[in-house]
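Chains A and B, in that order, give the protein sequences. Take the first sequence: its position 5, counted from the start at 1, is 8 in my numbering, and no numbers get skipped. Take the second sequence: its position 73, counted from the start at 1, is 86 in my numbering, and no numbers get skipped. Below you'll find the structure, written out as structure tokens, and then a few comments.
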Amino acid sequence: MTTTPAPTPRQADGGTLAPVLSTRPRPPRPGPFSVSLTFAWRSMLKIKHVPEQLGDVILIPVIFTVMFTYLFGGALAGSTGAYLQFLLPGTLVMTVALLTMYTGVGLNIDITKGVSDRFRSLPIWRPAPIVGALIGDVVRYLLASALVVGLGVAMGFRPSGGVVGVAAAEALILAFSFALSWIWTLVGLVVRTPNSVMVGGLVLLFPLTLASNVFVDPRTMPDWLQVFIRVNPITHLVTAVRGLMQGTAAAGQIGWVLLASVALVAVFAPLTMRRYRNAT
Amino acid sequence: MTETTSASPSTRKGTADAQSELAIEASGLAKAFGETRAVNGVDLAVPVGSVYGFLGPNGAGKTTTIRMLATLLRPDEGTARVLGHDVVREADAVRSRVSLTGQFASVDEDLTGQENLVLVARLLGFSRAQARARARELLEAFGLAESAGRQAKLYSGGMRRRLDVAASIIVTPELIFLDEPTTGLDPRSCNQVWGIVRGLVAQGTTVLLTTQYLDEADQLADRIAVIDRGVVIAEGTNGELKAMVGSGSLGVRLRDPGQRPEAERTLSRSLDMPVHLESDPALLSARSADPERVAHALAELSRSGVALAGFALGQPSLDEVFLALTGHPTQGDPQTDEEDAP
Numbered sequence: 004m005t006t007t008p009a010p011t012p013r014q015a016d017g018g019t020l021a022p023v024l025s026t027r028p029r030p031p032r033p034g035p036f037s038v039s040l041t042f043a044w045r046s047m048l049k050i051k052h053v054p055e056q057l058g059d060v061i062l063i064p065v066i067f068t069v070m071f072t073y074l075f076g077g078a079l080a081g082s083t084g085a086y087l088q089f090l091l092p093g094t095l096v097m098t099v100a101l102l103t104m105y106t107g108v109g110l111n112i113d114i115t116k117g118v119s120d121r122f123r124s125l126p127i128w129r130p131a132p133i134v135g136a137l138i139g140d141v142v143r144y145l146l147a148s149a150l151v152v153g154l155g156v157a158m159g160f161r162p163s164g165g166v167v168g169v170a171a172a173e174a175l176i177l178a179f180s181f182a183l184s185w186i187w188t189l190v191g192l193v194v195r196t197p198n199s200v201m202v203g204g205l206v207l208l209f210p211l212t213l214a215s216n217v218f219v220d221p222r223t224m225p226d227w228l229q230v231f232i233r234v235n236p237i238t239h240l241v242t243a244v245r246g247l248m249q250g251t252a253a254a255g256q257i258g259w260v261l262l263a264s265v266a267l268v269a270v271f272a273p274l275t276m277r278r279y280r281n282a283t
Numbered sequence: 014m015t016e017t018t019s020a021s022p023s024t025r026k027g028t029a030d031a032q033s034e035l036a037i038e039a040s041g042l043a044k045a046f047g048e049t050r051a052v053n054g055v056d057l058a059v060p061v062g063s064v065y066g067f068l069g070p071n072g073a074g075k076t077t078t079i080r081m082l083a084t085l086l087r088p089d090e091g092t093a094r095v096l097g098h099d100v101v102r103e104a105d106a107v108r109s110r111v112s113l114t115g116q117f118a119s120v121d122e123d124l125t126g127q128e129n130l131v132l133v134a135r136l137l138g139f140s141r142a143q144a145r146a147r148a149r150e151l152l153e154a155f156g157l158a159e160s161a162g163r164q165a166k167l168y169s170g171g172m173r174r175r176l177d178v179a180a181s182i183i184v185t186p187e188l189i190f191l192d193e194p195t196t197g198l199d200p201r202s203c204n205q206v207w208g209i210v211r212g213l214v215a216q217g218t219t220v221l222l223t224t225q226y227l228d229e230a231d232q233l234a235d236r237i238a239v240i241d242r243g244v245v246i247a248e249g250t251n252g253e254l255k256a257m258v259g260s261g262s263l264g265v266r267l268r269d270p271g272q273r274p275e276a277e278r279t280l281s282r283s284l285d286m287p288v289h290l291e292s293d294p295a296l297l298s299a300r301s302a303d304p305e306r307v308a309h310a311l312a313e314l315s316r317s318g319v320a321l322a323g324f325a326l327g328q329p330s331l332d333e334v335f336l337a338l339t340g341h342p343t344q345g346d347p348q349t350d351e352e353d354a355p
């Protein structure tokens with residue numbers, strides 16, 4: 004129990020509450036897009052108030068970029084500069100992929116704290132809190148990407164695809180990450196605590212990002228691992244992103260990533276919404 | 014996928030034209046979580062414009078019932094109509110008429126008080142400027158203007174609760190659900206919340222509130238339903254309920270807790286009823302309707318040499334209500350165990 008030293012506010016008493024109660028008719032109900040944007044605005048406010056929430060996940064890829072480049076770059080690719088050209092698109096994908104699990108963490112916090120009850124009791128488009136959070140997350144992904152690319156450029160990353168190539172690569176990463184986030188929204192609704200979302204996220208995302216072509220060309224790896232790497236969507240995304248950044252992307256690579264994104268949304272969005280509607 | 018059952022405009026203001034004057038009518042509501050039947054066949058009839066109290070200990074099924082009525086949970090069995098709309102088939106129409114203030118203040122702790130209210134106002138369709146203006150009005154009225162720019166996580170329990178209620182009345186609801194609005198609040202904050210509830214009722218809003226405290230139900234509610242283990246075990250006006258339980262109870266405080274066994278024997282003999290030992294070792298209580306008998310019993314006590322620090326005749330506690338209605342005490346949540354004698 005907390006008591007504030009401030010003087011008792013008398014305004015809230017019954018007698019004087021009347022003027023503050025609205026007698027105007029309620030405004031027209033906003034559309035799905037408008038409410039989703041309102042929830043996206045909420046995400047922006049959270050970045051403003053709690054910027055440290057981005058910290059740990061960005062730190063990992065930044066450490067990997069710096070460490071791998073300078074420790075192994077020479078050995079793996081002949082020079083640190085050459086390795087960075089290969090590595091950076093990979094760590095960029097890794098950064099954003101790791102960030103996606105925070106969508107689930109955020110949703111889980113909303114439910115455990117009870118805010119989600121308020122949202123679910125409002126007459127609004129039901130998926131809006133989730134869709135809005137995802138839109139807000141895209142902004143986070145952009146911020147984190149800018150940081151990683153900026154670091155890369157400072158270290159000597161010079162993509163031959165130029166600004167256009169990098170922008171196209173970023174767009175592809177965002178599309179895929181938006182889709183991947185729906186896995187975490189489902190996880191966020193199923194598990195009990197925000198912490199278990201994190202654990203689940205890392206258990207899935209670390210193998211996905213490490214057992215891929217993020218750090219090295221998988222040709223030297225054992226066959227069984229190569230089988231996994233070939234079906235790993237992260238591998239395909241990294242290949243396409245490298246292609247776009249170097250200006251050598253094939254339509255097939257990009258198409259594969261987009262297809263995987265659509266498939267993820269098609270499976271996990273309905274599952275998420277079903278779970279959300281019946282959340283307890 | 015989306016529930017777009019829009020409210021027919023003709024019924025927007027028209028609860029009065031409805032077949033009944035009931036804001037809530039539920040029959041046979043039931044909800045199970047796994048093996049536990051949290052709510053096991055609840056019937057309710059809440060008249061429009063009244064304050065209806067839902068009284069029961071933790072885990073009795075109050076919150077589950079409210080969540081079903083507020084369309085957050087789908088009932089396993091039974092039906093409920095809120096302001097004339099079915100809570101399952103016309104959930105959206107219900108949502109656009111009611112507000113919910115959850116048991117744990119449902120505000121976003123990361124956002125400031127101002128931002129919380131603007132957020133909900135925007136979701137309800139206010140323009141940016143309107144939302145800001147409305148937020149300011151409410152913050153002012155609820156004594157939160159000075160903390161408007163602080164994150165809600167820095168608010169005290171009472172402030173958070175007021176912010177929560179403010180968010181619930183951005184648009185005046187026809188019905189408001191308040192789930193344990195004062196649990197964990199200090200007395201002053203309780204009074205403020207009660208004042209807000211009375212203000213809402215004065216404006217014609219129907220209130221359904223849950224509480225663990227008989228006193229609170231007594232202060233606010235026109236009618237009370239006592240719920241235990243998922244079932245309504247008694248229903249009526251405050252007067253009717255109290256008559257059911259007995260008019261009041263006697264609380265006796267001893268100067269020396271060591272004399273309690275002696276005091277218990279004497280009291281139960283002269284009152285001719287069981288005496289309840291409170292968790293405070295110096296405190297005993299007994300339900301007694303008859304002042305004559307009480308006077309006699311107190312005289313007996315002093316004759317037998319038991320030194321009294323004080324005594325009081327008052328309302329039965331929730332524990333006593335339960336004992337009277339069910340024959341078993343409220344189940345041991347430490348919070349309810351602290352319920353003191355009057």
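Glycine included, C-beta positions come from ideal geometry on N, C-alpha and C.
In this structure the region 242 to 259 of chain B does not lie against the region 196 to 215 of chain B, because fewer than three pairs of beta carbons, one per stretch, are closer than 8 Å.
The three-state secondary structure of V55/B, taken from DSSP, is strand. Judged by DSSP secondary structure, R143/A falls outside any beta strand (DSSP E) and instead within the alpha helix (DSSP H) spanning A131 to M158.
Cβ neighbours of R201/B within its own chain (closer than 8 Å, five residues either side excluded): G171. By the neighbour-count criterion, in which a residue is buried when 16 or more other Cβ atoms sit within 10 angstroms of its Cβ, E291/B is buried. When secondary structure is reduced to three states using DSSP, E55/A falls in the helix class. Annotated three-state conformation of T185/B is coil, per DSSP. Under DSSP, G249/B forms a beta bridge with I237/B. In the structure shown, V120/B falls within a coil segment according to DSSP collapsed to helix, strand and coil. Between the region 70 to 82 of chain B and the region 137 to 151 of chain B there are fewer than three inter-stretch CB-CB distances shorter than 8 Å, so the stretches are not counted as touching. A direct Cα-to-Cα measurement between T72/A and S264/A gives close to 30 Å. When C-beta distances to chain B are compared with 7 Å, the residues of the region 30 to 43 of chain A below that value are P30, P31, R32, P33, V38 and T41, in chain order.
R50/B is bridged by DSSP to A45/B. For S298/B, the uninterrupted beta strand (DSSP E) segment begins and ends at L296 to R300. Y65/B sits in a strand when the DSSP states are folded into three classes. Interface flag for R278/A against chain B is unset, since no Cβ pair is found closer than 9 Å.
In chain order, L85, L113, G115 and S119 make up the part of chain B whose C-beta sits under 7 Å from the C-beta of D120/A. The beta carbons of A161/B and Q127/B sit about 4 Å from each other, so the pair counts as a contact at 8 Å. A distance below 6 Å between beta-carbons, with the five flanking residues on each side excluded, links M248/A to the following residues of its chain, in chain order: P92, P162, G164, G168, V169 and A172. Separation of the CB atoms of T275/A and L192/A is rounded to 6 Å, and the pair is thereby assigned contact status at 8 Å.
Taking CB atoms only, D105/B has a neighbour in chain A less than 9 Å away. The C-beta of P126/A comes closer than 9 Å to at least one C-beta of chain B.
Counting only residues of its own chain and dropping the five nearest sequence neighbours on each side, P236/A has a CB closer than 6 Å to the CB of A263.
Burial state of K51/A is exposed, judged by a 10 Å Cβ sphere holding fewer than 16 other Cβ atoms.
For T98/A, no Cβ of chain B is located within less than 9 Å of the residue's own Cβ. DSSP places F155/B in no alpha helix (DSSP H); its state is neither H nor E. Contact check for V220/B against S119/B fails: the beta carbons are separated by 9 Å or more. Cβ atoms of V100/B and I189/B stay farther apart than 8 Å, at about 16 Å. Under the Cβ criterion of 9 Å, A180/B is counted among the residues facing chain A. Looking at Q225/B, Q116/B, P287/B and L280/B, the one whose alpha-carbon comes closest to that of L311/B is L280/B. In this structure the region 141 to 155 of chain A touches the region 90 to 106 of chain A; the number of beta carbon pairs closer than 8 Å is three or more.
Residue A147/A holds the alpha-carbon nearest to the alpha-carbon of V65/A among Y86/A, A147/A, I186/A and P132/A.
Contact of L57/A with chain B by beta-carbon distance below 8 Å is absent, the smallest such distance being about 13 Å.
No Cβ of chain B is located within less than 9 Å of the beta carbon of T275/A. In the three-state DSSP reduction, I257/A falls in the helix class (H, G or I). Closest in alpha carbon position to Q256/A, among T83/A, S184/A, G139/A and I176/A, is I176/A.
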